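Trainee: Residue numbers (this note's numbering), protein chains in the order written: chain A, 8 to 121; chain B, 50 to 164. The beta carbon of each residue, even a glycine, is placed where N, CA and C say it ideally should be. Quick caveat, the model's predicted, so the values are computed rather than measured.
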């Protein structure tokens, strides 16, 4: 089966610009998660979708971040306007159930804000 | 709430030498424990997990980890490493009950295997 696909793999943008990250989960996986890792720090949870609904968005840092999951398929994470501290690697994961051992991670999008 | 501490940010080791990557956790409830590996330009892959039962858990690529409840540790070991083991390793925990399965990750340990 195809894995979790994220694109772009890298993005360099200027402070104040907008960036949209996309995640295509494994087909049939209702659960989709976004995580972020700032350089040298922990991988932090951002939010969790079940199908098209946001189940938990407690990790979203502020209202500059907007996540959507159209029709319960792919998901986008938009950062508008981007700030320097938004730099990091954004991971997406999907699963059929809600346990960590069922996760499949994408390879991440490395976002650099300059 | 849970927390995970990976004390070593980088572990350099020579090929065929043994290695131990340390992970300690803190939690007020029972937890499940995991090690994930991220090879360059790839996503995180599950290396092994502890859910219950035997405290010695064997994973892929010859890795194993031992759950020590009294020391709240879950150290990862391999008796003889290869160049291909060069990667970043993440320890993670989730509550074993309570409905919220959102994991808490450590900061990661970069394993660098030298020839």
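At least one CB of chain A closer than 8 Å to the CB of residue 91(B): is that the case?
Mentor: Position 42 of the second chain, counting from 1, holds the residue named residue 91(B). The beta carbon of residue 91(B) sits closer than 8 Å to some beta carbon of chain A.
Trainee: For a test of the three-state rule: what should DSSP assign to residue 133(B), helix, strand or coil?
Mentor: Residue 133(B) sits at position 84 when you count from the first residue of the second chain. Assigned with DSSP and collapsed to three states, residue 133(B) falls in helix.
Trainee: What did DSSP end up calling residue 38(A) once you bin it into helix, strand or coil?
Mentor: Here residue 38(A) refers to the residue found at position 31 when the first chain is read from its first residue. Residue state, collapsed to three classes: strand.
Trainee: Give the secondary structure of residue 161(B) by DSSP, where H, G and I count as helix, E and B as strand, and everything else as coil.
Mentor: The count along the second chain starts at 1 and reaches residue 161(B) at position 112. Strand, per DSSP.
Trainee: Does the beta-carbon of residue 65(A) have 16 or more other beta-carbons within 10 angstroms, so that it is buried, or is it exposed?
Mentor: Position 58 of the first chain, counting from 1, holds the residue named residue 65(A). That one is exposed.
Trainee: Using the C-alpha atoms, what's the distance from residue 104(B) back to residue 20(A)?
Mentor: Along the first chain, one-based indexing puts residue 20(A) at 13. Along the second chain, one-based indexing puts residue 104(B) at 55. Each residue's Cα considered, the two are about 47 Å apart.
Trainee: On the three-state DSSP scale, how would you describe residue 108(B)?
Mentor: Residue 108(B) sits at position 59 when you count from the first residue of the second chain. Coil at residue 108(B), not helix or strand.
Trainee: Using a Cβ cut-off of 8 Å (strictly closer), state whether residue 155(B) contacts chain A.
Mentor: Reading the second chain from its first residue, position 106 is the one you call residue 155(B). Yes, residue 155(B) lies at the interface with chain A (some Cβ there is under 8 Å from its Cβ).
Trainee: So is residue 49(A) buried or exposed if we call it buried at 16+ other beta carbons inside 10 Å?
Mentor: As a working mapping, residue 49(A) is identified with position 42 in the first chain. Buried, since its Cβ has 16 or more Cβ neighbours within 10 Å.
Trainee: Does the CB of residue 114(A) have a neighbour CB from chain B at under 8 Å?
Mentor: The count along the first chain starts at 1 and reaches residue 114(A) at position 107. Interface residue, yes.
Trainee: How about residue 114(A) and residue 13(A): do their beta carbons lie closer than 8 Å?
Mentor: Your numbering for residue 114(A) matches position 107 in the first chain. Your numbering for residue 13(A) matches position 6 in the first chain. Yes; because the gap between Cβ atoms is below 8 Å, this pair is in contact.
Trainee: Residue 32(B) lies in the beta strand (DSSP E); which residues open and close that run?
Mentor: Limits of chain B in this structure are 50 at one end and 164 at the other, which puts residue 32(B) out of reach.
Trainee: Taking only beta carbons into account, state which residues of the segment 130 to 164 of chain B come closer than 7 Å to chain A, listed in chain order.
Mentor: 139, 141, 143, 150, 151, 152, 154, 155 and 156
Trainee: Quick one: is residue 157(B) buried, meaning 16 or more other Cβ sit within 10 Å of its Cβ, or exposed?
Mentor: Translated into positions along the second chain, residue 157(B) becomes position 108. Residue 157(B) should be labelled buried.
Trainee: State buried or exposed for residue 67(B), treating a residue as buried only when at least 16 other CB atoms are found within 10 Å of its CB.
Mentor: Translated into positions along the second chain, residue 67(B) becomes position 18. Exposed, by the Cβ-count rule.
Trainee: For residue 71(A), I'd like the list of residues in its chain whose CB is within less than 8 Å of its CB, leaving aside the five on either flank, ordered along the chain.
Mentor: For the purposes of this step, residue 71(A) is identified with residue 64 of the first chain, where counting begins at 1. The residues 86, 87, 88, 89, 90 and 93, in chain order, have a CB closer than 8 Å to that of residue 71(A) in the same chain once the five nearest residues on each side in sequence are set aside.
Trainee: Just to confirm, are residue 40(A) and residue 17(A) a CB contact at a threshold of 8 Å?
Mentor: Here residue 40(A) refers to the residue found at position 33 of the first chain. Here residue 17(A) refers to the residue found at position 10 of the first chain. Going by C-beta atoms, residue 40(A) is not nearer than 8 Å to residue 17(A).
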